[in-house]
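**Q** Can you keep this structure in mind? I'll have questions shortly.
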Amino acid sequence: MTSPSLILALESSCDDTACAIVRNGREVLASVIDSQFDVHERYGGVIPELAARAHVLSANTVVEKALEQAGLTLNDMDAIAATMGPGLIGSLLVGANTAKTLSLIANKPFIGVHHLYAHVASNYLESDLEPPFLCLLVSGGHTQLIHVSDWDRMEIIGETLDDAVGEVYDKVAREMGLGFPGGAVLDKLAQDGDAKRFPFPVAKTKLPFDYSFSGLKTAALRAWRDASADYGNDPVPRDLLCDMAASFQATVVKTLMRKLLKCADEKGVKTLTLAGGVSANSALRQAFVELAPQGFRIQIPKFAYCTDNAAMVGACAYFNPLNVNTLESDVFSRSPL
Ligand code: KG4
Ligand code: ZN
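Below you can see the structure in the form of structure tokens.
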């Protein structure tokens, strides 16, 4: 591999402004994330215009902090990378233009990165993972089963036909009054709950490796409204919150794992990886860990590299020759690449 060794990477596709410095696609020398949680929380969702403005305010600061953390200067870098898509266009433009400007100033090559490739590449960080492997990519916007057969060959084997897993977590959590984004809070409550209290269905799909989560979403929202109605304006008991969270989470994990294992069996793949914000989920991580004794190699990103971050962009810029230089986001097709 002849890729540049030291890469300064920026990520700004949604509501986190992040900068990292990564050596040889594996070693994270610095990783800084400026979250916009406070900006969007009161609206219960990300407001694109506010996100773009907040990126403008943070972009230079995260770059300065990353260089300081690594004890390096811009001139030490071999390349500058940034996420080019998919994502919110105003947000992407801030990160991409910051990175392109830095690359012009320092006279270093610019590498544009696809956000979903970057999530997959989060598994290369601080590991010795090599293709082939299957990656279950679960985030607020995507749910995909990806076969990485070689460094430059990824195929989407299955994906959600409707809602993404993280999106459903957030919608159910919001209905339960847990704030936004509520995935992590719901996960925490689930750990104290009875997963058998609310029996939710595992959706069937026409194609064997596709997912569907809208039925589960509707069932969970309805079950919550029915169960919480008795309490009117009073606070609902904690055990009800926990049991609902546990029942919902158990069904999500069962749905995801069933198809992943079927796919691993069909493709004869023995290495399984996780990526995306929902890979921070405790039950999903546990389900992965439990596969190790069955002869699978399990690779899960560190918590810090599950949700949006720039270290994964640095890894992707190093390893993935399929990177993009435009803001077009549809290069990640379902057919083999
Ligand atoms: O990858 P990500 O940071 O952003 C994109 O969507 O690209 O993923 C964010 C999603 C949110 O929906 C959030 O609720 C979910 O990841 N999430 C979790 C957990 N931590 C974050 N979902 C379930 N369990 C968690 N522990
Ligand atoms: Zn993401």
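Under the working numbering, think of the first position of the sequence shown as 7, with each following residue one higher. C-beta atoms are modelled at their ideal positions from N, C-alpha and C, and glycine is treated no differently. Remember, predicted model here, so these are calculated numbers, not experimental data.
Using 7 Å as the threshold, is the C-beta distance between V275 and L56 below it?
**A** By 1-based counting over the sequence shown, the position of residue 275 is 269. By 1-based counting over the sequence shown, the position of residue 56 is 50. Against a cut-off of 7 Å, the Cβ pair of L56 and V275 comes out as no contact.
**Q** Checking 7 Å against the spacing of the C-beta atoms, do G189 and G172 come in under that value?
**A** For this step, residue 189 is matched to residue 183 along the sequence shown. For this step, residue 172 is matched to residue 166 along the sequence shown. The answer is yes: Cβ separation under 7 Å.
**Q** From G185 to E47, what distance separates their C-alpha atoms?
**A** The sequence position of residue 185 within the sequence shown is 179, counting from 1. The sequence position of residue 47 within the sequence shown is 41, counting from 1. When rounded, the distance between both Cα atoms is 7 Å.
**Q** Quick one: using the 10 Å Cβ neighbour count with 16 as the cut-off for buried, is T67 buried or exposed?
**A** For the purposes of this step, residue 67 is taken as the residue at position 61 of the sequence shown. The residue in question, T67, is exposed, as its Cβ has fewer than 16 Cβ neighbours within 10 Å.
**Q** On the three-state DSSP scale, how would you describe E17?
**A** Start at 1 with the first residue of the sequence shown, and residue 17 comes out as number 11. Of the three classes helix, strand and coil, the one that applies to E17 here is strand, per DSSP.
**Q** Any heavy atom of the ligand KG4 closer than 6 Å to the CB of P243?
**A** As a position in the sequence shown, residue 243 is number 237, starting the count at 1. No.
**Q** Based on Cα-Cα distance, which residue from C25, S19, Q75 lies nearest to P54?
**A** As a first step, residue 54 is located in the sequence shown; it is residue number 48 there, counting from the start. Residue S19 is the option with its Cα nearest to P54.
**Q** Under 6 Å from any heavy atom of the ligand KG4, does the C-beta of S41 make it?
**A** Residue 41 sits at position 35 when you count from the first residue of the sequence shown. No; taking the cut-off as 6 Å, the Cβ of S41 has no heavy atom of the ligand KG4 nearer than that.
**Q** Just to confirm, is the Cβ distance from L297 to I306 under 7 Å?
**A** Counted from its first residue, the sequence shown places residue 297 at position 291. Counted from its first residue, the sequence shown places residue 306 at position 300. In this structure, I306 does not lie closer than 7 Å to L297 by Cβ.
**Q** If you count every other CB in all the chains shown that lies within 10 Å of the CB of G51, and 16 or more means buried, which is it?
**A** Numbered from 1 along the sequence shown, position 45 holds the residue referred to as residue 51. Classification of G51: exposed, given that the 10 Å Cβ count is below 16.
**Q** Go through the stretch 225-302 residue by residue and report every complete run of the alpha helix (DSSP H) that reaches 4 residues or more, in order.
**A** You should have 244-273, 288-295.
**Q** For a test of the three-state rule: what should DSSP assign to M182, helix, strand or coil?
**A** Counted from its first residue, the sequence shown places residue 182 at position 176. In the structure shown, M182 sits in coil (DSSP, three-state: anything other than H, G, I, E or B).
**Q** Identify which residue in E74, T211, A226, V126 has its Cα closest to the Cα of A323.
**A** Taking the sequence shown and counting its residues from 1, one reaches residue 323 at position 317. When each option's Cα is compared against that of A323, the closest is V126.
**Q** Where does S41 fall in DSSP's three states?
**A** Within the sequence shown, residue 41 is the residue found at index 35, counting from 1. It is a strand residue.
**Q** Would you say V119 reaches chain D, if we count a Cβ-Cβ gap shorter than 7 Å as a contact?
**A** Going by chain labels, chain D is absent from the structure shown, which holds only one protein chain.
**Q** Where W157 and V144 are concerned, what is the direct C-alpha to C-alpha distance, given to the nearest angstrom?
**A** Counting from 1 along the sequence shown, the entry for residue 157 is found at position 151. Counting from 1 along the sequence shown, the entry for residue 144 is found at position 138. The alpha-carbon atoms of W157 and V144 are separated by roughly 20 Å.
**Q** Going by other Cβ atoms of all chains shown within 10 Å of its Cβ, with 16 needed for buried, is P205 buried or exposed?
**A** As a first step, residue 205 must be located in the sequence shown, where it is residue number 199. Classification for P205: exposed.
**Q** Just how far apart, CA to CA, sit K71 and L78?
**A** Walking along the sequence shown from the start, residue 71 turns up at place 65. Walking along the sequence shown from the start, residue 78 turns up at place 72. Near 10 Å, if we compare the C-alpha coordinates of L78 and K71.
**Q** Excluding the 5 residues preceding and the 5 following C191 in the sequence, name in chain order all residues of the same chain whose CB lies nearer than 7 Å to its CB.
**A** The residue given as residue 191 occupies position 185 in the sequence shown. A small fix is needed here, since residue 191 is Val in this sequence, not Cys. The answer, listed in chain order, is A179, L184, G185.
**Q** Around the C-beta of E272, are 16 or more other C-beta atoms found within 10 angstroms, so that it is buried, or is it exposed?
**A** Within the sequence shown, residue 272 is the residue found at index 266, counting from 1. Label assigned to E272: exposed.
**Q** In terms of residue numbering, what span does the beta strand (DSSP E) encompassing C25 cover?
**A** Counted from its first residue, the sequence shown places residue 25 at position 19. Note, C25: beta strand (DSSP E), 22-29.
**Q** Anyone know if the C-beta pair for G320 and A26 falls short of 7 Å?
**A** By one-based count along the sequence shown, residue 320 stands at place 314. By one-based count along the sequence shown, residue 26 stands at place 20. Taking 7 Å as the Cβ cut-off, G320 and A26 qualify as a contacting pair.
**Q** Run the Cβ filter for me: residues under 5 Å from any heavy atom of the ligand ZN, listed in the order they occur in the chain.
**A** Every residue passing the under-5 Å Cβ criterion appears here: S145, D314.
**Q** Could you give the C-beta distance for L35 and V28, rounded to a whole number, given that I count them as a contact under 8 Å?
**A** By one-based count along the sequence shown, residue 35 stands at place 29. By one-based count along the sequence shown, residue 28 stands at place 22. Going by Cβ atoms, the distance from L35 to V28 rounds to 7 Å, so yes, they are a contact pair.
**Q** Assign G350 to buried or exposed, taking buried as 16 or more other Cβ atoms, counted over all protein chains shown, within 10 Å of its Cβ.
**A** This structure cannot settle anything about residue 350, because the visible part of the chain is limited to 7 through 343.
**Q** What three-state label does DSSP hand E136 in the structure shown?
**A** In the sequence shown, the residue the question calls residue 136 occupies position 130. Note: E136 maps to coil in three-state DSSP.
**Q** Can you say whether Y352 is buried or exposed, counting buried as having 16 or more other CB atoms within 10 angstroms of its CB?
**A** Because the chain in this structure spans residues 7 to 343, residue 352 falls outside the shown range and cannot be described.
**Q** Where does the unbroken beta strand (DSSP E) through L56 begin, and where does it stop?
**A** On the sequence shown, position 50 is the one that residue 56 refers to. No beta strand (DSSP E) contains L56, which is instead part of the alpha helix (DSSP H) from 54-76.
**Q** Which residues in the same chain have their Cβ closer than 6 Å to the Cβ of E181, if we skip the five residues on either side of it in sequence?
**A** Here residue 181 refers to the residue found at position 175 of the sequence shown. The residues are L227, W230.
**Q** Using a 10 Å radius around the Cβ and a threshold of 16 neighbouring Cβ atoms, would you call L12 buried or exposed?
**A** In the sequence shown, the residue the question calls residue 12 occupies position 6. So L12 counts as buried.
**Q** If I measure Cβ to Cβ from V154 and keep anything under 7 Å in the same chain, skipping five residues before and after, which residues do I get?
**A** As a first step, residue 154 must be located in the sequence shown, where it is residue number 148. Only V126, P137, P138, F139, C141, M160 meet the Cβ criterion.
**Q** Using DSSP with H/G/I as helix, E/B as strand and the rest coil, what is C312?
**A** Mapped onto the sequence shown, residue 312 falls at position 306. Coil.
**Q** Go to H153, then tell me how far its beta strand (DSSP E) extends in each direction, as first and last residue.
**A** For the purposes of this step, residue 153 is identified with residue 147 of the sequence shown, where counting begins at 1. 149-156 is the span of the beta strand (DSSP E), which, as asked, contains H153.
**Q** Looking only at its own chain, which residues have a Cβ that is under 7 Å from the Cβ of T261, when we skip the five neighbours before and after it?
**A** What you label residue 261 is simply residue 255 of the sequence shown in a count that begins at 1. The residues are V208, A209, Y217.
**Q** Taking E17 and D314 to be in contact with their CB atoms under 8 Å, please state how far apart those CB atoms are, rounded to whole angstroms.
**A** Numbered from 1 along the sequence shown, position 11 holds the residue referred to as residue 17. Numbered from 1 along the sequence shown, position 308 holds the residue referred to as residue 314. Confirmed, Cβ separation roughly 6 Å.
**Q** Run the proximity test for P187: is its beta-carbon closer than 6 Å to any non-hydrogen atom belonging to the ligand KG4?
**A** Taking the sequence shown and counting its residues from 1, the one referred to as residue 187 is at position 181. Indeed, a heavy atom of the ligand KG4 lies less than 6 Å from the Cβ.
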